[in-house]
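Novice: My questions will all concern the structure given below.
There are 4 protein chains.
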Amino acid sequence: MTTTKSRRLPRAVRERQMLDAAVAVFAEHGYHAASMDEIAERAGISKPMVYAYLGTKEELFVACINRESELLMTAVAEEIVGEMEPDERLWRGLRAFLGFVAAHRDAWIVLYRQARSQGVPFASEVEASRTRVVDAVAALLGGAAERMEPGPVKGDLAAMATALVGAGEALADWIADHPDADPEAAAARLMNLVWLGFGTLLTGARWTPPAA
Amino acid sequence: MTTTKSRRLPRAVRERQMLDAAVAVFAEHGYHAASMDEIAERAGISKPMVYAYLGTKEELFVACINRESELLMTAVAEEIVGEMEPDERLWRGLRAFLGFVAAHRDAWIVLYRQARSQGVPFASEVEASRTRVVDAVAALLGGAAERMEPGPVKGDLAAMATALVGAGEALADWIADHPDADPEAAAARLMNLVWLGFGTLLTGARWTPPAA
Amino acid sequence: MTTTKSRRLPRAVRERQMLDAAVAVFAEHGYHAASMDEIAERAGISKPMVYAYLGTKEELFVACINRESELLMTAVAEEIVGEMEPDERLWRGLRAFLGFVAAHRDAWIVLYRQARSQGVPFASEVEASRTRVVDAVAALLGGAAERMEPGPVKGDLAAMATALVGAGEALADWIADHPDADPEAAAARLMNLVWLGFGTLLTGARWTPPAA
Amino acid sequence: MTTTKSRRLPRAVRERQMLDAAVAVFAEHGYHAASMDEIAERAGISKPMVYAYLGTKEELFVACINRESELLMTAVAEEIVGEMEPDERLWRGLRAFLGFVAAHRDAWIVLYRQARSQGVPFASEVEASRTRVVDAVAALLGGAAERMEPGPVKGDLAAMATALVGAGEALADWIADHPDADPEAAAARLMNLVWLGFGTLLTGARWTPPAA
DNA sequence: GATGAATGAGGATTCATTCAT
DNA sequence: CATGAATGAATCCTCATTCAT
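Protein chains in written order, with the numbering used here: chain F, 2 to 213; chain U, 2 to 213; chain D, 2 to 213; chain H, 2 to 213.
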């Protein structure tokens with residue numbers, strides 16, 4: 002008989018199991034409602050091991066955030082290396098992002114819905130990453146704008162990047178709740194909406210509010 | 002004798018005090034970390050009263066959500082009554098929305114960050130409202146599209162509305178964290194980004210992914 | 002039927018019950034080995050009440066120390082008010098001290114054996130009181146020494162006071178372990194030893210308490 | 002090849018390392034707060050080894066007590082062998098005792114503060130040794146008393162010995178907390194106090210150590 | 001109506017102790 | 001001989017919720 006399930010596993014393996022279980026439980030119940038008991042049980046291990054390897058609940062949550070955050074960032078970064086046009090870069094990043102979310106729904110839920118709703122300890126961890134993304138997008142938009150006059154004023158870029166990232170997140174969140182959704186199609190739609198808009202702005206066109 | 006500091010307040014007033022306190026505490030600590038003790042104390046009332054008036058913690062949270070949600074919806078609805086062009090309607094709604102958030106930051110935090118991150122019981126409450134908004138926006142976009150051929154296909158509208166609403170929420174969330182932000186300017190920027198994009202789409206233009 | 006045991010007691014009463022129970026349990030098992038469960042049970046109350054009224058285990062322990070410490074100090078202080086000869090003051094204080102210990106053995110055990118053996122948080126609380134006592138004794142000895150030349154040098158007083166207090170504590174500790182011991186006799190013996198000295202005692206000299 | 006850092010040490014050496022570590026940790030944190038983990042780590046050895054060599058935590062603590070207790074007893078005993086006057090014997094024993102404490106502060110803390118504050122299992126171990134010391138002192142005093150009439154009555158001796166030992170312990174404890182203290186001076190002061198008495202000291206009398 | 005008093009239930013955390021390798 | 005891996009059993013503490021007055 003081949004022992005498919007051996008006890009006494011090396012630390013690295015156990016840590017992965019625990020993080021997997023933790024991400025699943027945090028995604029399902031949220032940080033506070035998640036219990037260390039359930040995490041340990043789902044990891045097929047006793048509670049003290051969780052504490053021994055990953056520390057307190059808070060540290061465990063941070064470890065989850067860091068791992069998933071890094072995976073997400075890497076997945077996107079790999080897709081946008083090298084020289085390319087701004088729109089292509091945006092498109093590729095977006096596609097990689099939504100693709101990752103579709104493939105790791107729990108990770109997204111933990112990162113987006115859970116981490117951000119907890120107080121300072123965690124929210125800031127994630128918010129920092131998010132800010133970097135917004136900045137990168139703003140830089141990307143800025144790079145595109147430089148070529149053409151008259152472009153959007155600097156001040157607008159931050160807000161637009163925020164809005165653009167928010168739109169992406171909303172699609173991601175929608176994808177996380179709809180397993181059958183097609184991330185590539187969603188990415189294309191967002192590109193259509195946003196790039197045509199941004200491109201038009203680059204021509205100097207402006208939308209102005211109707212007289213009140 | 003005029004009671005300068007009356008005890009026996011009418012029920013409606015008491016309930017308002019409690020809900021105000023609850024919204025503040027939920028916004029500050031999140032649903033789970035919020036304690037009924039603190040809510041009662043901040044409302045200047047004893048705990049059993051809270052239970053007598055508004056029921057369990059869960060019910061209290063739902064009451065908060067419902068009240069704030071309704072206030073938000075009403076604030077927006079009031080601004081978009083009557084006949085008007087699609088872009089004006091969008092603009093007005095957006096401006097009312099962001100204005101409300103700027104004026105009621107705690108409400109937004111409870112509705113957006115807290116309610117959505119809790120499990121099924123509450124998330125669905127809010128998600129329902131949100132879906133109605135997305136549908137309304139989709140209808141608005143659809144209405145605009147009908148007049149011009151060739152417009153975006155039906156299927157795209159839902160995704161675009163989702164993205165648009167997400168962009169609005171991201172700006173709202175940003176405003177909630179930046180008391181000095183100008184909601185009207187943010188609304189204008191989003192209109193620029195999104196309406197010019199959408200308008201361009203209506204002309205039949207399309208953004209297509211570069212050949213892989 | 003007269004209800005000898007009513008529930009729903011006023012706060013002050015419950016606090017006393019809890020402190021009594023806590024002192025007993027701390028005396029029996031020591032700080033660490035004592036469990037809040039047992040304290041609550043012995044106080045005839047549920048654990049959350051203990052936390053509500055007296056705070057954490059640490060705070061509870063401090064509260065015990067403070068209460069018993071104050072009772073002890075008061076008992077001694079009451080006996081040594083007014084003008085009197087140094088040896089009479091010492092004798093009276095000693096007698097009151099050992100009498101208190103005989104009457105409150107648990108209190109002594111908590112103050113002397115438990116509090117002093119715990120780390121900084123508590124040891125220092127008690128050590129401060131103890132230092133005040135040692136200083137007072139040193140002052141008393143110093144006062145007596147001033148009248149006569151050549152007396153012990155200043156530097157010696159601190160050490161002697163320390164030794165004297167230690168001797169008193171050892172007797173107290175012995176009394177705490179021997180319920181039948183006579184505190185007054187023990188006090189008299191210590192006075193003899195310390196005021197006259199063993200070598201002097203061998204000559205047949207005796208110290209006798211002043212007529213009360 | 003000469004192993005500069007040998008692993009396989011003889012059992013006796015290992016046990017010494019462990020006991021040293023244990024004494025240090027018990028002195029620092031107290032019996033309960035001390036963790037086997039820290040002891041093992043400070044001994045530079047894995048936990049199972051500690052269990053294999055010295056048994057459970059309780060047994061380990063007893064082993065510490067026994068070793069240090071024996072060292073202390075031996076140090077004192079060596080100083081008081083042979084014929085000598087009672088006061089010289091007392092003086093020498095006292096000096097050896099305080100000298101040992103000054104040189105082994107951790108040992109004293111474990112023996113005096115920790116062992117005595119734990120429940121029956123350990124307190125009795127130490128109490129037995131202590132009783133032997135008190136008895137020896139009582140015998141010493143009794144021996145001195147026999148030569149001269151009228152001396153202190155029998156009953157008094159036990160109490161006086163207890164007090165005397167307590168005074169010595171108090172000085173020892175003070176020394177343990179004051180590394181710069183001079184144990185020999187402290188011993189001399191205690192001899193003065195106890196052998197001559199404070200009242201007698203006031204007359205200018207002094208006890209002086211016999212020429213070494 | 002209003003509240004101080006009271007608790008059942010559950011969650012995080014730690015630790016002494018023991019296998020399996 | 002030696003140790004990393006593993007856990008059962010407590011313990012502290014908190015909180016939503018309800019009585020009795």
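Think of the CB as a built atom: it goes at the ideal place given N, C-alpha and C, for glycine as much as any other residue.
None of the values given here were measured: they were computed from a predicted structure.
Answer with yes or no whether the minimum CB distance from D/Trp109 to chain H is below 9 angstroms.
Specialist: Residue numbering aside, residue 109 of chain D sits at position 108 when the third sequence is read from its first letter. Not an interface residue.
Novice: On the three-pair Cβ rule with 8 angstroms, is the stretch 21-33 of chain U touching the stretch 93-109 of chain U?
Specialist: With the cut-off at 8 angstroms, the stretch 21-33 of chain U and the stretch 93-109 of chain U touch.
Novice: Who are the near neighbours of H/Glu185 in its chain, counting only those whose CB is closer than 8 angstroms to its CB and skipping five residues on each side?
Specialist: Locating residue 185 of chain H in the fourth sequence gives position 184, where the first residue counts as 1. If we look at H/Glu185 and ignore the five residues flanking it on each side, its Cβ neighbours are Arg96, Leu99, Gly100.
Novice: Is U/Val51 closer than 9 angstroms to U/Phe123 when the C-beta atoms are compared?
Specialist: To locate residue 123 of chain U, count along the second sequence from 1; it is residue 122. To locate residue 51 of chain U, count along the second sequence from 1; it is residue 50. Contact flag unset, no.
Novice: Distance, Cα to Cα, H/Thr5 vs H/Asp38?
Specialist: To locate residue 5 of chain H, count along the fourth sequence from 1; it is residue 4. To locate residue 38 of chain H, count along the fourth sequence from 1; it is residue 37. With a pLDDT of 40 at H/Thr5, under the threshold of 50, the modelled position of this residue cannot be trusted, and the question is left open.
Novice: Give me the Cα-Cα distance between F/Ala28 and F/Val111, rounded to the nearest whole angstrom.
Specialist: Here residue 28 of chain F refers to the residue found at position 27 of the first sequence. Here residue 111 of chain F refers to the residue found at position 110 of the first sequence. The alpha-carbon atoms of F/Ala28 and F/Val111 are separated by roughly 5 angstroms.
Novice: In angstroms, rounded to a whole number, what distance separates the CA positions of D/Glu60 and F/Lys48?
Specialist: Residue numbering aside, residue 60 of chain D sits at position 59 when the third sequence is read from its first letter. Residue numbering aside, residue 48 of chain F sits at position 47 when the first sequence is read from its first letter. Roughly 29 angstroms between the two C-alpha positions.
Novice: Roughly how many angstroms separate the alpha carbons of H/Thr3 and H/Ile46, rounded to a whole number?
Specialist: The residue given as residue 3 of chain H occupies position 2 in the fourth sequence. The residue given as residue 46 of chain H occupies position 45 in the fourth sequence. Bear in mind that the predicted position of H/Thr3 carries a pLDDT of just 39, short of 50, making it too unreliable to give a figure here.
Novice: Examine the Cβ distances between the stretch 76-89 of chain F and the stretch 156-169 of chain F and report whether three or more of them are shorter than 8 angstroms.
Specialist: The answer is no - the stretch 156-169 of chain F does not touch the stretch 76-89 of chain F, with fewer than three Cβ pairs under 8 angstroms.
Novice: Taking only three categories from DSSP, how would you classify D/Met85?
Specialist: Residue numbering aside, residue 85 of chain D sits at position 84 when the third sequence is read from its first letter. Correct three-state label for D/Met85: coil.
Novice: Is it the case that the Cβ atoms of U/Ile176 and U/Ala168 are separated by a distance below 9 angstroms?
Specialist: Along the second sequence, read from residue 1 onward, the residue named residue 176 of chain U stands at position 175. Along the second sequence, read from residue 1 onward, the residue named residue 168 of chain U stands at position 167. Going by C-beta atoms, U/Ile176 is not nearer than 9 angstroms to U/Ala168.
Novice: Ends of the alpha helix (DSSP H) at H/Ser47?
Specialist: Here residue 47 of chain H corresponds to residue number 46 of the fourth sequence, with the count starting at 1. First-last for H/Ser47: undefined, no H or E at that position.
Novice: Does the separation of the CB atoms of F/Ala171 and U/Ala164 fall below 9 angstroms?
Specialist: Counting from 1 along the first sequence, the entry for residue 171 of chain F is found at position 170. Counting from 1 along the second sequence, the entry for residue 164 of chain U is found at position 163. Yes.
Novice: What is the rounded straight-line gap between the Cα of D/Glu128 and the Cα of D/Leu194?
Specialist: Working through the third sequence from its first residue, we reach residue 128 of chain D at position 127. Working through the third sequence from its first residue, we reach residue 194 of chain D at position 193. Taking the straight line joining both Cα atoms gives about 26 angstroms.
Novice: I'd like to know whether the C-beta atoms of U/Met19 and U/Leu55 end up nearer to each other than 9 angstroms.
Specialist: Along the second sequence, read from residue 1 onward, the residue named residue 19 of chain U stands at position 18. Along the second sequence, read from residue 1 onward, the residue named residue 55 of chain U stands at position 54. Yes. Within cutoff.
Novice: If you compare alpha carbons, which of U/Ala44, U/Met85, U/Glu147 is closest to F/Pro211?
Specialist: For the purposes of this step, residue 211 of chain F is taken as the residue at position 210 of the first sequence. For F/Pro211, the nearest C-alpha among the options comes from U/Met85.
Novice: Would the beta-carbon of D/Gly31 fall within 9 angstroms of that of D/Arg114?
Specialist: In the third sequence, counting from the first residue as 1, residue 31 of chain D sits at position 30. In the third sequence, counting from the first residue as 1, residue 114 of chain D sits at position 113. In contact: D/Gly31 and D/Arg114 (Cβ atoms closer than 9 angstroms).
Novice: Tell me the rounded alpha-carbon separation between F/Arg93 and D/Lys58.
Specialist: Taking the first sequence and counting its residues from 1, one reaches residue 93 of chain F at position 92. Taking the third sequence and counting its residues from 1, one reaches residue 58 of chain D at position 57. Taking the straight line joining both Cα atoms gives about 58 angstroms.
Novice: Going by C-alpha to C-alpha distance, which of F/Ala162, F/Ala13, F/Arg43, F/Ile66 sits closest to F/Val135?
Specialist: Numbered from 1 along the first sequence, position 134 holds the residue referred to as residue 135 of chain F. The shortest Cα separation from F/Val135 among F/Ala162, F/Ala13, F/Arg43, F/Ile66 belongs to F/Ala162.
Novice: Can you say whether D/Ala187 is buried or exposed, counting buried as having 16 or more other CB atoms within 10 angstroms of its CB?
Specialist: Translated into the one-based positions of the third sequence, residue 187 of chain D becomes position 186. Buried, because 16 or more other Cβ atoms sit within 10 Å of the Cβ of D/Ala187.
Novice: Is the Cβ of D/Thr163 closer than 9 angstroms to any Cβ of chain H?
Specialist: On the third sequence, position 162 is the one that residue 163 of chain D refers to. Output row for D/Thr163: interface = yes.
Novice: Is H/Arg12 buried or exposed, if buried means 16 or more other CB atoms sit within 10 Å of its CB?
Specialist: Here residue 12 of chain H refers to the residue found at position 11 when the fourth sequence is read from its first residue. Exposed: under 16 other Cβ atoms inside 10 Å.
Novice: Which residue's Cα is closest to the Cα of H/Ala137: H/Ala116, H/Met192, H/Ile81?
Specialist: Here residue 137 of chain H refers to the residue found at position 136 when the fourth sequence is read from its first residue. Considering only alpha carbons, the answer is H/Ile81.
Novice: Which residues in chain U have a C-beta closer than 9 angstroms to the C-beta of F/Arg15? List them in chain order.
Specialist: In the first sequence, the residue the question calls residue 15 of chain F occupies position 14. By Cβ distance, chain U contributes nothing, its closest Cβ being about 28 angstroms from F/Arg15, past 9 angstroms.
Novice: How long is the line joining the alpha carbons of U/Asp178 and U/Ser118, rounded to whole angstroms?
Specialist: Position 177 of the second sequence, counting from 1, holds the residue named residue 178 of chain U. Position 117 of the second sequence, counting from 1, holds the residue named residue 118 of chain U. Going from the Cα of U/Asp178 to the Cα of U/Ser118 covers about 18 angstroms.
Novice: Among residues of its own chain, excluding the 5 on either side of U/Glu16, which ones have a beta-carbon nearer than 7 angstroms to its beta-carbon?
Specialist: The count along the second sequence starts at 1 and reaches residue 16 of chain U at position 15. For U/Glu16, where only same-chain residues beyond five positions count, the Cβ hits under 7 angstroms are Tyr54, Leu55.
Novice: Going by the beta-carbon positions, is the gap between U/Trp196 and F/Gly200 smaller than 9 angstroms?
Specialist: Here the question's residue 196 of chain U lines up with position 195 in the second sequence. Here the question's residue 200 of chain F lines up with position 199 in the first sequence. No, they are not a contact pair.
Novice: So with CB distances below 8 angstroms, who are the chain D contacts of H/Val166?
Specialist: As a working note, residue 166 of chain H is residue 165 in the fourth sequence. The contacting residues are Ala171.
Novice: How about D/Glu126 and D/Ile66: are their beta carbons less than 9 angstroms apart?
Specialist: For this step, residue 126 of chain D is matched to residue 125 along the third sequence. For this step, residue 66 of chain D is matched to residue 65 along the third sequence. Yes, the pair counts as a contact, with Cβ atoms nearer than the cut-off.
Novice: Give the interface partners of U/Gly120 over in chain F, defined as CB-CB distance under 9 angstroms, in chain order.
Specialist: As a working mapping, residue 120 of chain U is identified with position 119 in the second sequence. By Cβ distance, chain F contributes Glu29, His30, Gly31, Ala34.
Novice: Contact criterion: CB-CB distance below 9 angstroms. Does H/Leu197 meet it with respect to chain D?
Specialist: Working through the fourth sequence from its first residue, we reach residue 197 of chain H at position 196. Output row for H/Leu197: interface = yes.
Novice: Give the interface partners of U/Asp157 over in chain F, defined as CB-CB distance under 7 angstroms, in chain order.
Specialist: Locating residue 157 of chain U in the second sequence gives position 156, counting from the first residue. Correct list: Arg190.
Novice: Tell me which residue opens and which closes the alpha helix (DSSP H) that H/Asp136 is part of.
Specialist: If you number the fourth sequence from 1, residue 136 of chain H lands on position 135. Element bounds for H/Asp136: 121-147.
Novice: For a cutoff of 9 angstroms on Cβ pairs, would you count D/Arg117 as touching chain H?
Specialist: Along the third sequence, one-based indexing puts residue 117 of chain D at 116. Judged by the 9 angstroms Cβ criterion, D/Arg117 is in contact with chain H.
Novice: Going along chain F, which residues have a C-beta under 7 angstroms from U/Pro210?
Specialist: Translated into the one-based positions of the second sequence, residue 210 of chain U becomes position 209. Those within 7 angstroms of U/Pro210 in chain F are Trp92, Ala189.
Novice: Measure from the alpha carbon of F/Ala78 to the alpha carbon of each residue in F/Gly144, F/Arg133, F/Arg190, F/Ala44, then state which is nearest.
Specialist: The residue labelled residue 78 of chain F in the question sits at position 77 within the first sequence. Here the closest residue by C-alpha is F/Arg133.
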